[in-house]
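Quick note on numbering that gives the first Met the number 0: the sequence shown kicks off at 0 and runs consecutively. Ideal Cβ positions, reconstructed from N, Cα and C, are used throughout, including at glycine. Only a predicted model underlies this, so the values are computations on that prediction, with no experimental measurement involved. Below: one structure, written as structure tokens.
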Amino acid sequence: MSVIDELGILALSTRLQRLSEQLRKDGALLYNTYEIDFEPKWFPVIYTLHHKQPLGVVDLATEIGYTHPSTISLLKELEKQKLIRSKKDKKDERKRLIQLTAKGAELILKMQPVWQLMTQILTDITDTENNLLKAMTETEEKLKQLSFIQRALQKGAAV
0 MSVIDELGIL
10 ALSTRLQRLS
20 EQLRKDGALL
30 YNTYEIDFEP
40 KWFPVIYTLH
50 HKQPLGVVDL
60 ATEIGYTHPS
70 TISLLKELEK
80 QKLIRSKKDK
90 KDERKRLIQL
100 TAKGAELILK
110 MQPVWQLMTQ
120 ILTDITDTEN
130 NLLKAMTETE
140 EKLKQLSFIQ
150 RALQKGAAV
């Protein structure tokens, strides 16, 4: 057992990042196995646009839970790959609306069977006594009520 594993709750963020990196790496390998040129980091944007489009940049960032700059960075990569395009909103010229291109829609069709396989595998992996997905949802809800830093400042005032 590593020092990080022994730390317990103090290493939560580190362990979640480690788990995330492992799943992203394996996801990329799986896409590659099926000869799909796709980066796992693009997933939230592509999947969201598959279900809701067109979307403004701010709406998309809100939908995926990323910051505006992180979303812009992903959008630039996806535009370069010709998977998405943007157009001006007819109602508000300042606003860009993002949507999938024909190439992006084609990619979705290729990826859907892989997503089904991933869903089966991830369900199997997380099907544990303490169900990771349920615990993450509960934790995210608690953080929406009162953030980590707000809790720390409250408790820190007593120190």
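Taking every protein chain shown into account, the CB of A60 has 16 or more other CB atoms within 10 angstroms, so this residue is buried. Taking a cut-off of 8 Å for Cβ pairs, the segment 76-91 and the segment 30-47 touch, as three or more such pairs fall below it. In this structure T70 is buried. Its beta-carbon is surrounded by 16 or more other beta-carbon atoms within 10 angstroms. Separation of the CB atoms of S85 and L96 is rounded to 6 Å, and the pair is thereby assigned contact status at 8 Å. In this structure, the beta-carbon distance from T47 to E34 does not fall below 9 Å. Counting C-beta pairs with one atom in each stretch, the segment 96-116 and the segment 51-60 have three or more that are closer than 8 Å, which means they touch. If you draw a 10 Å sphere on the C-beta of I45, you find 16 or more other C-beta atoms in it, and that means buried. A distance below 9 Å separates the beta carbons of L121 and L22. In the three-state DSSP reduction, G55 falls in the strand class (E or B). Rounded to whole angstroms, the gap between the alpha carbons of D25 and T138 is 25 Å. In this structure, DSSP gives I35 a state outside helix and strand, which the three-state scheme calls coil. Burial state of G103 is buried, judged by a 10 Å Cβ sphere holding 16 or more other Cβ atoms. The three-state secondary structure of Q80, taken from DSSP, is coil. Inter-residue distance for L6 and T32 is about 36 Å (C-alpha atoms, whole angstroms).
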